[in-house]
Amino acid sequence: MRIRGGRPGILPSLVVLFTSALLVRVAFAADPPADSPAPVGDDAKALAPPPPAADDKGAAAGTDAPAAPPVEAAPRRMVPSLSHDLQFGLAVMPGDGYRIVFPYTKDTTDCGDASHMDARVCTNRAPFFIDLQPSFGISHSWDVLVDLRFGVEKDFNTFHQFFVMPGFRYWLDTESHVKFFSTMQLAYDASKQQPTSKHAGSDLGFRNSNGLMVEIMRNFGVYAQFGETIGFIRWLSFTVDAGIGVQARVP
529 MRIRGGRPGI LPSLVVLFTS ALLVRVAFAA DPPADSPAPV GDDAKALAPP
579 PPAADDKGAA AGTDAPAAPP VEAAPRRMVP SLSHDLQFGL AVMPGDGYRI
629 VFPYTKDTTD CGDASHMDAR VCTNRAPFFI DLQPSFGISH SWDVLVDLRF
679 GVEKDFNTFH QFFVMPGFRY WLDTESHVKF FSTMQLAYDA SKQQPTSKHA
729 GSDLGFRNSN GLMVEIMRNF GVYAQFGETI GFIRWLSFTV DAGIGVQARV
779 P
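Under the numbering used here, the first residue of the sequence shown carries the number 529, and numbering increases by one thereafter.
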């Protein structure tokens, strides 16, 4: 192409060249070559797409999965414990029993036989009694207790019985309204004897009782028990007894 004066048209050629270079630049910027390095650092952060916005329930916007409903804690039931732990108790139980006595010597005057005074082995009904029992729960399953036994009827020697029996009681199924128990106790017999008696004035032994208590409420129960007592100082004696009692507890 020529213009007036015979010189070639340089300006149109420069326009075409500049336009071609600009189009190539735009193409390389839109589609970088495969072997070009991946952007790192601030460049990668600038090129990364923004994260999806989350709604108020924490689920990403634009997703179809519904958010899990919040789990509400179930209200706790306040049920009074039926354990005797840290409770003071006082029980009263009337009872009766049967006794067998084996004297250590043959020249005893009387050991309380029902048929005659000079029996080698004495058997007789034990006097009617009332047990007064303070106790304290030292754990969910164990009580410490003291049985104080007062004889209501006179014994064969015309005196009333008096026993002091400290020990421990173990409970099964402590939270149940109906529970079994068993005791381990020492037995001290402080009953008076006749001045002419050749027997020792006091007696020592062991006692065990087993029973069933029905809890009417946390602070009150009714129970029945069967017990055995062995004495060995004054003479060798075996006594079995039974009774029905009530127990009150605080707090």
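Yeah, the Cβ is synthetic: ideal placement off N, Cα and C, and Gly gets one too.
Using the beta-carbon count (16 or more within 10 Å), is residue i buried or exposed?
| i | result |
| --- | --- |
| GLN775 | buried |
| THR767 | buried |
| ALA642 | exposed |
| GLY729 | exposed |
| ALA654 | buried |
| ASP731 | buried |
| MET745 | exposed |
| ASP646 | exposed |
So residue i and residue j are supposed to be a Cβ contact under 8 Å. How far apart are they, rounded?
| i | j | result |
| --- | --- | --- |
| ASP613 | HIS668 | 5 Å |
| ASP671 | PHE696 | 7 Å |
| PRO662 | LEU618 | 6 Å |
| ALA770 | GLY640 | About 20 Å; that fails the 8 Å criterion. |
Between which two residues does the beta strand (DSSP E) harbouring residue i extend?
| i | result |
| --- | --- |
| MET645 | No beta strand (DSSP E) holds MET645; DSSP gives it neither H nor E. |
| SER710 | 706 to 717 |
| GLU743 | 731 to 745 |
| GLY771 | 764 to 778 |
| ALA654 | 650 to 665 |
| PHE753 | Looking at the sequence itself, residue 753 is Gln, so the reference to Phe does not match. Element bounds for GLN753: 748 to 759. |
| LEU673 | 670 to 682 |
| TYR626 | 616 to 630 |
| PRO824 | Only positions 529 to 779 of the chain appear in this structure, which leaves residue 824 out of reach. |
| GLN689 | 688 to 699 |
Select from the options the residue whose C-alpha is nearest the C-alpha of residue i.
| i | options | result |
| --- | --- | --- |
| ARG677 | LEU714, GLY729, VAL629, LEU740 | LEU714 |
| HIS705 | GLN753, SER737, PRO597, LEU610 | LEU610 |
| GLN722 | GLY759, PHE709, ILE758, LYS682 | LYS682 |
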